[in-house]
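Colleague: For reference, the structure I am asking about is given below.
In this note's numbering, the protein residues as written are 1 to 70.
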């Protein structure tokens, strides 16, 4: 599937925004931030209940924050 509607906003593909946002980061933070952004950007577009995607984003951010304390 190319260019699904739930990953496009204002004509821009979410992965283009995400790649630019995490480019300067180390691998682990980049992964979790990119994953959180993916879920947040599609939260109102893919599922009937936006809380599902917001919850998934939170899981990635929580894991990233826990890793920073270890």
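For glycine and all other residues, C-beta sits at the position ideal for the given N, C-alpha and C. Quick caveat: nothing in here was measured; it's all calculated off a predicted structure.
#1: Between the stretch 52-68 and the stretch 22-38, can you find at least three pairs of beta-carbon atoms closer than 8 Å?
#2: Buried or exposed for residue 38, please, with buried defined as at least 16 other CB atoms from any protein chain shown within 10 angstroms of its CB.
#3: Going by DSSP, what residues sit across from residue 12 in a beta bridge?
#4: Could you tell me the alpha carbon to alpha carbon distance between residue 64 and residue 28, rounded to whole angstroms?
#5: In its own chain, which residues sit with a C-beta less than 6 Å from the C-beta of residue 56, not counting the 5 before and 5 after it?
Modeller: In this structure, then:
#1: yes
#2: For the purposes of this step, residue 38 is taken as residue 38 along the chain shown, with counting starting at 1. Buried.
#3: Counting from 1 along the chain shown, the entry for residue 12 is found at position 12. Per DSSP, 9.
#4: Taking the chain shown and counting its residues from 1, one reaches residue 64 at position 64. Taking the chain shown and counting its residues from 1, one reaches residue 28 at position 28. Straight-line Cα distance between these residues: approximately 8 Å.
#5: Position 56 of the chain shown, counted from the start, is the residue given in the question as residue 56. For residue 56, where only same-chain residues beyond five positions count, the Cβ hits under 6 Å are 39.
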